[in-house]
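**Student:**
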Amino acid sequence: MRLKYVLNEVLVGLWRNVTMTIAMIITMSVSLTMLGASVLLYMQVDQMKNYYYGEIEVSIFLRTDVTEAQRQAIDQAIDGNTLVANKTYETREEAFRRFKELWADSPDFVNSVGPNSLPESFRVKLKDPEQYKTFADQMQGMPGIQDIIDQRTLLDKVFNIFNAIQVMTLVVAAFMALAALLLVGNTIQVAAYSKRREVAVMKLVGASNWFIQAPFVLEAVVAGLIGAILGFIALFASKLILFDNKLQALTNILTPIENGNVWLMLPLLAGVGAVVSAVTAWVTLRFYLKV
């Protein structure tokens, strides 16, 4: 009987303040969507780091006037280095052919570069990419070497951009969460004020604080759960519509977003939405309304 009463009061309360309830759900769904997006981005950046850092190569570019003896000396030095996992040698012709494939969509740019413009090089994959500095110091200064470039330095710049986007997403999510908390608290205050006479009567007949507060707290929890579900739908729809269709070309650069990672957001968003809403409602009732 008590459970039926509480549930009935929850439904009545949600409907009584329907406009504020809708506003609370929308604000909660937006903030939870931003939170889910930032968590997904964090997971994606970590996945990309594991993938790309595992594929990192050190490029040793040779001088245009390198001699055959110098080339062989460099080759032997690489083979004898304990830090090296494997290596490949790329001639000028191979480098130019790969360049044309990479820039096939920009024929004018390709035509501006001649076959002899690109240097020959050794592509070296290290057992531990973190040992780049040690390897570069060992190879630097050998006759015939023009430059040594580590792809990690280029990737770090890209990942710094992703990390900045992630922080921005978290900041926006935090602001939206603050707005949602204030709206939840305000909605609960209005709901409790509209039922102040009922609350007073219930206190007179000996109803416990928990029994009085339960409908208000459950109203906030229901709104938080609905907002979490809407936020999850927005995330999944964005993944299907954008990254699996219109932005599918980005998967050549970005690692694909796994459906399993997106599904993990549902319990996360539901848990955060429910707990945050419940705690906010309880604090509002206890410290502001003093029921």
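Mapped onto UniProt numbering, the consecutive letters of the sequence shown carry residue numbers 1 to 291.
Positions of the beta carbon are idealized from the N, C-alpha and C atoms, including for glycine.
Taking three-plus beta-carbon pairs below 8 Å as touching, is the region 172 to 179 in contact with the region 139 to 157?
**Tutor:** Contact between the region 172 to 179 and the region 139 to 157 is absent, because fewer than three Cβ pairs lie under 8 Å.
**Student:** Checking 8 Å against the spacing of the C-beta atoms, do Val262 and Leu242 come in under that value?
**Tutor:** The residue labelled residue 262 in the question sits at position 262 within the sequence shown. The residue labelled residue 242 in the question sits at position 242 within the sequence shown. No.
**Student:** Round the Cβ separation of Thr280 and Gln189 to the nearest angstrom and send it over; I've been treating them as touching at under 8 Å.
**Tutor:** Residue 280 sits at position 280 when you count from the first residue of the sequence shown. Residue 189 sits at position 189 when you count from the first residue of the sequence shown. Wrong, their Cβ atoms sit about 11 Å apart, outside the cutoff.
**Student:** So within the region 71 to 144, which uninterrupted beta strand (DSSP E) runs reach at least 3 residues, ignoring any that extend past its ends?
**Tutor:** Segments of the beta strand (DSSP E) lying fully in the region 71 to 144: 84 to 90 and 121 to 126.
**Student:** Can the beta-carbon of Val84 be found closer than 8 Å to that of Phe99?
**Tutor:** The sequence position of residue 84 within the sequence shown is 84, counting from 1. The sequence position of residue 99 within the sequence shown is 99, counting from 1. No; because the gap between Cβ atoms is not below 8 Å, this pair is not in contact.
**Student:** CB Ala228 to CB Gly185, shorter than 8 Å?
**Tutor:** Position 228 of the sequence shown, counted from the first residue, corresponds to residue 228. Position 185 of the sequence shown, counted from the first residue, corresponds to residue 185. Taking 8 Å as the Cβ cut-off, Ala228 and Gly185 do not qualify as a contacting pair.
**Student:** Measuring CA to CA, which of Lys125, Asp46, Leu225 and Met168 is closest to Ala276?
**Tutor:** Looking up residue 276 in the sequence shown gives position 276. Checking the sequence, you will find Val at residue 276 rather than Ala. Comparing Cα-Cα distances from Val276 to each of Lys125, Asp46, Leu225 and Met168, the minimum goes to Leu225.
**Student:** Mind checking who Ile60 pairs with in its DSSP beta bridge?
**Tutor:** Residue 60 sits at position 60 when you count from the first residue of the sequence shown. BP columns for Ile60 point to Phe122 and Ile148.
**Student:** Specify the secondary structure class of Val39 as computed by DSSP and reduced to three states.
**Tutor:** One-based indexing of the sequence shown puts residue 39 at position 39. The answer is helix: DSSP assigns Val39 an H, G or I state.
**Student:** Helix, strand or coil: how does DSSP classify residue 333 here?
**Tutor:** Because residue 333 is not part of the residues shown, which for the chain are 1 to 291, the question remains open.
**Student:** If Val217 and Trp282 are in contact, beta carbons under 8 Å, what's the gap, nearest whole angstrom?
**Tutor:** As a position in the sequence shown, residue 217 is number 217, starting the count at 1. As a position in the sequence shown, residue 282 is number 282, starting the count at 1. Confirmed, about 6 Å.
**Student:** Can you give me the C-alpha to C-alpha distance between Ile26 and Leu230, rounded to a whole angstrom?
**Tutor:** Counting from one through the sequence shown, the residue named residue 26 turns up at place 26. Counting from one through the sequence shown, the residue named residue 230 turns up at place 230. Distance between the alpha carbons of Ile26 and Leu230 is about 8 Å.
**Student:** With DSSP collapsed to three states, give me the class of Thr19.
**Tutor:** For the purposes of this step, residue 19 is taken as the residue at position 19 of the sequence shown. Three-state result, Thr19: helix.
**Student:** Just to confirm before moving on: does the CB-CB distance between Phe122 and Asn81 stay below 8 Å?
**Tutor:** The residue you call residue 122 lines up with position 122 of the sequence shown. The residue you call residue 81 lines up with position 81 of the sequence shown. Cβ distance not < 8 Å, so Phe122 and Asn81 don't count as in contact.
**Student:** Rounded to a whole number of angstroms, what is the C-alpha to C-alpha distance between Thr187 and Leu40?
**Tutor:** The residue labelled residue 187 in the question sits at position 187 within the sequence shown. The residue labelled residue 40 in the question sits at position 40 within the sequence shown. Rounded to whole angstroms, Thr187 to Leu40 spans 31 Å at the Cα level.
**Student:** Restricting to Cα atoms, I'd like to know which of Tyr132, Ser117 and Leu118 is closest to Val124.
**Tutor:** As a first step, residue 124 must be located in the sequence shown, where it is residue number 124. Nearest C-alpha to Val124: Tyr132.
**Student:** For Pro129 and Ile56, which I take to be in contact (beta-carbon distance under 8 Å), what is that distance rounded to the nearest angstrom?
**Tutor:** In the sequence shown, residue 129 corresponds to position 129, counting from 1. In the sequence shown, residue 56 corresponds to position 56, counting from 1. Correct: roughly 5 Å between the Cβ atoms.
**Student:** With DSSP run on the structure shown, which of helix, strand or coil describes Val66?
**Tutor:** Mapped onto the sequence shown, residue 66 falls at position 66. In this structure, Val66 counts as coil in the three-state DSSP scheme.
**Student:** Thr169 to Met34, Cα distance in whole Å?
**Tutor:** The count along the sequence shown starts at 1 and reaches residue 169 at position 169. The count along the sequence shown starts at 1 and reaches residue 34 at position 34. When rounded, the distance between both Cα atoms is 6 Å.
**Student:** Do you know how far the Cα of Leu182 is from the Cα of Thr19?
**Tutor:** Position 19 of the sequence shown, counted from the start, is the residue given in the question as residue 19. Position 182 of the sequence shown, counted from the start, is the residue given in the question as residue 182. Taking the straight line joining both Cα atoms gives about 15 Å.
**Student:** Pick out whichever of Phe96, Gln47, Ile145 and Ser29 has its Cα sitting closest to the Cα of Thr67.
**Tutor:** Within the sequence shown, residue 67 is the residue found at index 67, counting from 1. The option with the nearest alpha carbon to Thr67 is Ile145.
**Student:** Please report the distance separating the alpha-carbon of Ala214 from that of Arg286.
**Tutor:** Within the sequence shown, residue 214 is the residue found at index 214, counting from 1. Within the sequence shown, residue 286 is the residue found at index 286, counting from 1. About 12 Å.
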